[in-house]
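Peer 1: Line by line, the protein sequences are chains A and B.
Yeah, the first sequence ends on 834 if you go by this note's numbering, and it's all consecutive.
Yeah, the second sequence ends on 609 if you go by this note's numbering, and it's all consecutive.
For each residue, glycine too, the CB sits at the ideal point set by N, CA and C.
Since the model is a prediction, treat every value here as computed from it, not as a measurement.
Sharing a structure here in structure tokens format.
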Amino acid sequence: MSAASHSRETKGSGVKWVGRAMRRVEDPTLVTGQGRFTADLPAAHHVRFVRSPVAAGVIIGITPPQGAMVFTGKDVAGIKPITPMLHKFNYKPLGQPILAQGAAYFVGEMIAAAVAPTPAEAEDIAEQTEVSIEETTPVIDARAALEPGAPTVHKTIPGNLIVEGRLKTDGFDGVWAGAAHHVTTDIRSHRQNATPMEARAGHAAYDAATGRVTLTCTTQMPHLTRTAIADLIGMPENDLRVIAPDVGGGFGQKMSLAAEYVFLVWLARKLKSSVSWVEDRRENLIASFHSRDQYITLKGAFDADGKLLALDANVLANTGAYSCFPNTCAVEPLMALAEMPGPYDVKAYACVARGAVTNTCTMAPYRGVSRPIITFALERLMDKAAAACRLDPVEIRRRNLVTTFPYTTAAGLVLDEGSYLKTLDMAAQAIDLPAFRARQADARKRGRYLGVGFAPFSERTGYGSPAFAARGMGITPGWETVIISVDPGGFVEARIGSSPHGQGLRTTLAQIIADEIGVAPDRIKIVHGDTDRAPYGWGTFASRSLVISGGASLIAAQKVRAKLQKIAGDMLEAAPADIVLENGNATVAGTDRTLSIAELAREAYTQTHRFKGEIEPGLTESGTYDPSGTFSNACHAAIVEVDIETGKTTIEQYVVAEDAGVLINPMIADGQVHGGVAQGIGNALLEEIVYDETGNPLSTTLADYLPPTSHEIPQIELHHAVTPSVNSVTKAKGLGEGGGIGAPGAVINAINDALAPFGVQIDEMPATPQRVRAALRAAETAA
Amino acid sequence: MSKKQPITLNINNRDHKIEVEPRKTLVDAIRDDCGQTGTHIGCEHGICGACTVLVDGEPVRSCLMFAVQADGKTIRTVEGLANGDELHPMQKAFMDHHGLQCGFCTPGFLMLAVGVLEREPDISDEDLLDVLSSNLCRCTGYQNIIKAVRAAAAEMRGPR
């Protein structure tokens, strides 16, 4: 199926915008260097943070150079610590001070802030500020943190266990015991960093005339940033305006509240001036937010035919030194608890999911949140089960994927209509497994090692407040509001609470609105990322914005449409239902009686006396949408070659068969998948944040932490299936994270398949050349 | 801090007479002293290539060059690519092929690609891929960037 087959039920016979690979309205600004990013703003004062050089210690003294402006924990003791809440799963609340209050808990924690007229001078002052710290014994690894006698990271969390979720379905033990095959996989996912190309930055400017502060920052959640900072500082929320200007990628890292921004707002108020902080890459790599540091032991019980009967998971996530706001550091283990069964039909499920605090950088959401790891675990398990049951990798998955919908998973999630089997078959067909096996056998004879790996998955997208409420979050995000105004000139403005930063939402929402009210997208402006202009909303994360803001846009546009029909009906003396809106005009169906939408809009403002009170003046409507959520699905398949001399993996073919329902803009959708896959390949093969045993980070530049380049990313072959969503008013599903969810499982399964002749098992990500070589050496030694 | 030195940076055919400390990087001077913020800073280690500009026609990582080293040299940045309202073929191609998402790395990729193709219009596909691997993009997965640069390369070569 090709992108060209995307269509949508339309009204009237005019040209429709949804389904078109329309060029993005965002682009002209960005390709000409006219984008406005946070670091572009000039400021009177620049901030450089003095960060802890040790993983754990008591601060004895801080001595700035004479005459320098340096702030420490004492200065900001009146600001409340950042303390996100979770009311479930034995979560222990944990507060993060804005600047360290007498102790440091990870390398990179903010201890003091140097302030100067230029960034260079601030950096000089920070370097010359002497910090005296009495080191204490840190704990770095999650398993070590839970050992009896391990050092306690925070006194309020004895034993370092910050969260623990447990689930076991009734009758689990009996099902487990009765199975023909039992298979185990021990997964280690190393720590990673989302690494947006723009690191974080904040700029706070005090306005003497109003007493207000405008914080411009690289956030994915401008409104919640405003609410949180006002609350922490204790200032009126209407004295704070938060702007997310052009933001250079986020991938989750920019959704969590940065303590740095809280400090900047406080400082701008204190100095009654403008202040700026631009994170450098080292800071970003050691002290922004990390993710994916997990151990998973996954066990499966299968019947003689390879049907999965029971799944038993033990998840341990390293949550770092603090808890990210608003999700809390429980986001990874609890996502694993809820979604471990993935796209497979399994009735018996048991899971223990824990999070351990350590003296490392705080863990936060990163594209896919746990699902790249649980998909990796589940797909390793499937390949091992295939071997145990003597089935090929496609067949074992075919026997286990969910095929009837809606399907309630063992963890209680409801999978709406999808195409799990179909996308598996599409990927398998693209790979041509029999032909590949012949080629693989032939290559092995010549000392070349090819392998194939599959990873089907479901991707929960567009979920509203009920899903977040089920987690027990103190802050429950979910809904979105869109306000559409048609001005007296007939131009349209839609103000949205989502906060896109590369997803092309200004284009796709304009397409949705254009079809509904019959004007071209170039007359529609989408306004976002400014709390003074946009309605309260939750921002952009969790593959939600197209579904939820798109749904709210549709709902608001339908109201605008109804009003335009009413006005046109009044003016053209026809029934509103007979008015067709298209190509910028309102026409009585089947006649040549027509008025331009601009004329109707002018009427709505300037000729309201004609409506005799039956139509409200103006042309502004609001739509709010809070859906239950809808699952996209996909199957990724990779063919790789592993060089057994160097351990290097080269991806020869990469196939994605995906189903995200109705695609609003297939070009943008494909771009999201490409980008996700590239990150997933990086996660699978290259990217690793490394700490030494003292908690000192070793991966502090992009020469150590390795996002992939164009050399490592193959052509990505896309195939689309379309199962219109029944849980989304636009019939679209989200797909922002999926690319990254499937890749580690597909790629590392392929590596294992390639190395099968050596009896090697690689269950670690990233599967770096070093790890591949170590596994091969170990196999040689054992042989 | 050491004494500031007067230098002249010719950026997109306009002279900027500025005073900078010898330690100031070219990218900081372009952005902070000359107000041309289209050139971005991604890593300050010369790895990501977001700050790529053309200095005397050659692609340069402007975070690895000191501003004083560029004194008197001719610099081209993303702001100088279009001819008035007429976009450069490379800019058009990035839009046509969806070669950008967040747009942060885009100026660096545009300058890298334009610099290389102006010098070597007949560069092979393989060498072009090699050159493009100099810069990092975290959004696009590169496929559409490669498509865009190949399309622009054909356009820049013109009909044969």
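1. Residues of chain B with a CB under 9 Å from the CB of PRO247/A: which are they?
2. What residues in the region 499-528 of chain B have a beta carbon less than 9 Å from any beta carbon of chain A?
3. For GLY63/A, would you say it is in contact with chain B, using Cβ-to-Cβ distances shorter than 7 Å as the test?
4. Identify each residue in the region 754-782 of chain A for which the Cβ-Cβ distance to at least one residue of chain B is less than 9 Å, and report them in chain order.
5. Work out the CA separation of ASP396/A and LEU197/A for me, nearest whole Å.
6. Taking the alpha carbon of GLY790/A as the reference point, which residue from ASP710/A, ASN716/A, ASP755/A and VAL76/A has its own alpha carbon closest?
7. Give me the chain A residues within the contact set of GLN592/B, using Cβ-Cβ distance strictly less than 8 Å, ordered along the chain.
8. How big is the Cα-Cα spacing for THR134/A and SER594/A?
9. Who are the Cβ neighbours of PRO539/A in its own chain at under 8 Å, not counting the five residues just before and after it?
10. Which class does VAL453/A belong to by DSSP, given the choice of helix, strand or coil?
11. I'd like the span of the alpha helix (DSSP H) that includes ALA436/A, first residue to last.
12. Using CA atoms only, rank isn't needed, just tell me which of THR681/A, THR700/A and LYS614/A is closest to PRO775/A.
13. Grab me the residues of GLY108/A's own chain with a C-beta within less than 8 Å of its C-beta, minus the 5 sequence neighbours each way, in chain order.
14. Just list the alpha helix (DSSP H) runs in the region 69-112 of chain A, keeping only unbroken ones of 4 residues or longer that don't cross its boundaries, in chain order.
15. By a C-beta neighbour count over all protein chains shown, 10 Å radius and 16 as the cutoff for buried, is GLN243/A buried or exposed?
16. Using CA atoms only, rank isn't needed, just tell me which of ALA830/A, ARG822/A and LEU714/A is closest to HIS241/A.
17. Determine the direct distance from the alpha carbon of ALA601/B to that of LYS541/B, and round the result to whole angstroms.
18. If the criterion is Cβ atoms closer than 7 Å, does the pair TYR676/A and GLU531/A meet it?
19. Put ILE802/A into one of helix, strand or coil per three-state DSSP.
20. Residues of the region 701-727 of chain A in Cβ contact with chain B at a cutoff of 9 Å, in chain order, please.
21. Kindly give me the distance between the Cβ atoms of PRO678/A and SER779/A, rounded to whole angstroms, as I take these residues to be in contact under 8 Å.
22. Any beta carbon from chain B within less than 7 Å of ALA55/A's own beta carbon?
23. In three-state terms, what does DSSP make of GLU453/B?
24. From the beta carbon of PRO538/B, is the nearest beta carbon of chain A less than 7 Å away?
25. For chain A, find out if any of its Cβ atoms is closer than 7 Å to the Cβ of LEU566/B; answer yes or no.
26. So if I threshold CB-CB distances at 9 Å, which residues from the region 289-323 of chain A count as touching chain B?
27. Which chain A residues sit within Cβ distance under 8 Å of MET544/B?
28. Would you grab the beta carbon distance between PRO170/A and ARG75/A for me? Rounded to a whole angstrom, and I think it's under 8 Å.
29. By the criterion of Cβ-Cβ separation under 7 Å, what are the contact partners of THR486/B in chain A?
30. Cβ closer than 7 Å: which chain A residues qualify as neighbours of PRO556/B?
31. Might you give, ordered along the chain, the residues of its own chain that have their beta carbon closer than 8 Å to the beta carbon of MET899/A, omitting 5 neighbours on each side?
32. State yes or no: is the beta carbon of THR752/A nearer than 7 Å to at least one beta carbon in chain B?
33. Along the chain, where does the beta strand (DSSP E) that runs through ARG463/B open and close?
34. Inspect the CB distances between the region 220-231 of chain A and the region 521-541 of chain B and report whether three or more fall short of 8 Å.
35. If the cut is a Cβ gap below 8 Å, which residues of chain A does ASN582/B touch?
36. Got a sec: is the Cβ-Cβ distance from HIS274/A to anything in chain B below 7 Å?
Peer 2: Let's see:
1. The answer, in chain order, is CYS551, PHE553, ARG587 and CYS588.
2. Of all residues in the region 499-528 of chain B, ALA499, THR526, VAL527 and GLU528 have a Cβ within less than 9 Å of some Cβ in chain A.
3. Only weak support is given to the placement of GLY63/A: the predicted model assigns it a pLDDT of 46, under 50, and the question is left unresolved by the model.
4. Near chain B, meaning a CB-to-CB distance below 9 Å, the residues of the region 754-782 of chain A are ALA754, PRO758, PRO759, THR760, SER761, HIS762, GLU763, ILE764, PRO765, GLN766 and ILE767.
5. Distance between the alpha carbons of LEU197/A and ASP396/A is about 33 Å.
6. Looking from the CA of GLY790/A, the closest CA among ASP710/A, ASN716/A, ASP755/A and VAL76/A belongs to ASP710/A.
7. By Cβ distance, chain A contributes HIS725, ILE764, GLN766 and ILE767.
8. C-alpha separation (whole angstroms): 25 Å.
9. The answer, listed in chain order, is ALA652, ARG653, ALA655, TYR656 and THR657.
10. The three-state reading of DSSP puts VAL453/A in coil, since its state is none of H, G, I, E or B.
11. Unbroken alpha helix (DSSP H) run through ALA436/A: 422-440.
12. The shortest Cα separation from PRO775/A among THR681/A, THR700/A and LYS614/A belongs to THR681/A.
13. Around GLY108/A: ALA154, ALA155, ILE184, GLU185, GLU186 and THR187.
14. Segments of the alpha helix (DSSP H) lying fully in the region 69-112 of chain A: 78-82.
15. Residue environment: GLN243/A is assigned as buried (16 or more neighbouring CB atoms within 10 Å of its CB, all protein chains considered).
16. The shortest Cα separation from HIS241/A among ALA830/A, ARG822/A and LEU714/A belongs to ARG822/A.
17. Computed Cα separation, rounded: 8 Å.
18. Yes, they are a contact pair.
19. The answer is helix: DSSP assigns ILE802/A an H, G or I state.
20. The residues in question are MET718, ILE719, ASP721, GLY722, GLN723, VAL724, HIS725, GLY726 and GLY727.
21. Contact holds; Cβ gap of about 6 Å.
22. Residue placement at ALA55/A cannot be trusted, given a pLDDT of 36 that sits under 50; what the coordinates show is reported in the next sentence. Taking a beta-carbon distance threshold of 7 Å, ALA55/A does not count as an interface residue toward chain B.
23. At residue 453/B the sequence reads Lys, which differs from the Glu that was named. Residue state, collapsed to three classes: coil.
24. Interface residue (Cβ-Cβ distance to chain A less than 7 Å): PRO538/B is not classified as such.
25. Not one chain A Cβ lies under 7 Å of LEU566/B.
26. Per Cβ criterion, the list reads ASP297, VAL298, GLY299, GLY300, GLY301 and PHE302.
27. Near MET544/B (Cβ distances below 8 Å), the residues of chain A are ARG74, ARG75, ASP78, PRO79 and VAL82.
28. The pair is not a contact, with the Cβ atoms about 33 Å apart (cut-off 8 Å).
29. Correct list: ASP91.
30. Those within 7 Å of PRO556/B in chain A are GLY84.
31. Coverage of chain A is limited to positions 52 through 834, which leaves residue 899/A absent and any answer about it impossible.
32. Yes, contact with chain B.
33. Per DSSP, the continuous beta strand (DSSP E) segment holding ARG463/B begins and ends at 463-469.
34. Here the region 220-231 of chain A makes no contact with the region 521-541 of chain B; the two share fewer than three CB pairs at distances below 8 Å.
35. For clarity, residue 582/B is Ser in the given sequence; the question names Asn instead. Those are THR760, SER761 and HIS762, listed as they occur along chain A.
36. By this cut-off, HIS274/A is not an interface position.
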